[in-house]
Every structure is written in structure tokens, then in C-alpha cells.
Amino acid sequence: DILSIVMERAELPQARVTIPKMLEPISIQGITIVPFEGLHWEKQLDDADKPLRGVPSVGYRVEFNNKRWLFPGDTRSYDACLLPDFGPVDGVFAHVWLGREAALLGHPPLLEDFCRFYLDLSPNRLVLAHLEESGRDANDYWDDGHASIVMRRWREIAPGIPVIASYMGDSVGL
Numbered sequence: 749d750i751l752s753i754v755m756e757r758a759e760l761p762q763a764r765v766t767i768p769k770m771l772e773p774i775s776i777q778g779i780t781i782v783p784f785e786g787l788h789w790e791k792q793l794d795d796a797d798k799p800l801r802g803v804p805s806v807g808y809r810v811e812f813n814n815k816r817w818l819f820p821g822d823t824r825s826y827d828a829c830l831l832p833d834f835g836p837v838d839g840v841f842a843h844v845w846l847g848r849e850a851a852l853l854g855h856p857p858l859l860e861d862f863c864r865f866y867l868d869l870s871p872n873r874l875v876l877a878h879l880e881e882s883g884r885d886a887n888d889y890w891d892d893g894h895a896s897i898v899m900r901r902w903r904e905i906a907p908g909i910p911v912i913a914s915y916m917g918d919s920v921g922l
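Start counting the sequence shown at 749; every next residue gets the next number (this note's numbering).
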């Protein structure tokens with residue numbers, strides 16, 4: 749398998765490699781990481797009978813210093829019931845995606861679904877990520893304008909929960 753080849757070439761001893769299993773906690777130096785199946789699957793809006801489009805993905809709940817953060821990863825199925833119930837979390841990193849080929853639209857079709865999904869995860873704070881990703885076509889490029897649209901809607905439906913946008917290279921205090 750590919751992992752064996754990589755480990756051999758990198759000269760990594762097996763004892764130093766942890767292969768995560770879904771929902772099995774991994775504890776390392778006071779940090780507990782729980783991997784879970786991500787939701788990188790999207791419905792075909794033009795034909796509900798088509799199979800879901802996407803790829804397998806992994807999200808993580810991370811606990812450290814009495815804090816709990818959720819990193820759902822690149823999410824395209826905005827149904828919180830499809831995730832494990834992790835209870836309230838201190839924060840969530842939300843990959844901004846508001847619909848396929850929808851970035852040039854004045855009102856992206858999945859804005860409401862996006863905001864409601866992350867609200868359903870019960871965060872005390874929301875961090876918008878996956879912005880200004882290099883190599884994207886203009887109609888799939890999420891930027892600070894989209895972050896502003898999301899933050900405006902978020903503040904309407906969750907006025908007591910802070911939201912910020914983060915960009916590649918930014919430091920975000922947890």
C-alpha cells in the first residue's frame with residue numbers, strides 16, 4: 749500500500765506513525781484528537797436523482813487546555829445531523845463554500861444552509877476559512893466579499909456568537 753512506501757522512503761519507524769480511525773480518540777501530549785467522517789459530498793442541484801458529488805474527507809474535534817474545537821474540513825453537505833453529536837464547542841473552523849460555480853452570484857444559493865449548519869454545531873465562536881484559495885476559477889473562488897456576506901448573515905441569526913475571517917498565513921488564537 750502507499751503508506752508503506754511513503755514510510756519506507758521517509759525512513760519512519762512504524763511506532764512513530766498513528767493511523768487514525770474514525771471516532772477513536774488519539775491523545776498526544778495533552779491534546780486529544782477525534783477524527784470523524786467529513787461531509788465533502790454535495791447534492792446535484794440540477795438533478796436530485798444524480799449521485800452525490802465529492803470525495804471522502806475527514807474532520808477533527810480537538811480538545812486541549814479545557815477547550816474543544818471542531819475542524820469539519822471541506823464541507824458541502826450542510827446537515828449537522830450527519831455528524832457525530834460533539835455537543836457545544838469553543839469554536840469551529842468553517843470552510844467557506846456557498847455552492848458550485850456560485851461565487852460570482854450576488855446571493856450564493858447555499859449561504860443560508862452554510863450559516864444554519866455551523867449554528868447547529870453550537871460554537872462559541874466561528875472562524876471562516878478556505879478563502880482566497882489559489883488555483884480556483886472565478887466562479888468557485890471565495891474571497892473577502894463572500895466572507896463579508898457570511899459574517900453579515902451570521903450576525904443576523906447568531907448575534908451573540910463572534911465570527912471572524914482568516915486567510916492563509918493568518919494566526920488565529922484559540
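Ideal placement from N, C-alpha and C gives every residue a C-beta, glycine not left out. None of the values given here were measured: they were computed from a predicted structure.
Residue state for S752 is assigned as helix, using DSSP reduced to three classes. The continuous alpha helix (DSSP H) containing S896 extends over residues 892–905. For L922 against G807, the beta-carbon gap comes to about 16 angstroms, at or over 8 angstroms, which does not count as contact.
In the structure shown, E772 falls within a coil segment according to DSSP collapsed to helix, strand and coil. Its Cα nearest to that of L876, the residue L846 stands out among L846, K798, S805. Under the three-state reduction of DSSP, E790 is assigned to strand. Of all alpha-carbon atoms in S775, I774, R864, P836, the one lying nearest the alpha-carbon of A906 is that of R864. Residue range 859–868 is occupied by the alpha helix (DSSP H) that includes L867. Short of 6 angstroms from the beta carbon of P910, and not among the five residues preceding or following it, lie these beta carbons of its own chain, in chain order: R873. Following the DSSP letters along the chain, one finds F784 inside the beta strand (DSSP E) bounded by residues 779–785. Inter-residue distance for I781 and P832 is about 14 angstroms (C-alpha atoms, whole angstroms). A distance below 6 angstroms between beta-carbons, with the five flanking residues on each side excluded, links K815 to the following residues of its chain, in chain order: D838. Per the DSSP secondary-structure output, P871 pairs in a beta bridge with V837. In the DSSP assignment, the residues bridged to A877 are H843.
Straight through space, the alpha carbons of K791 and D797 are spaced by roughly 9 angstroms.
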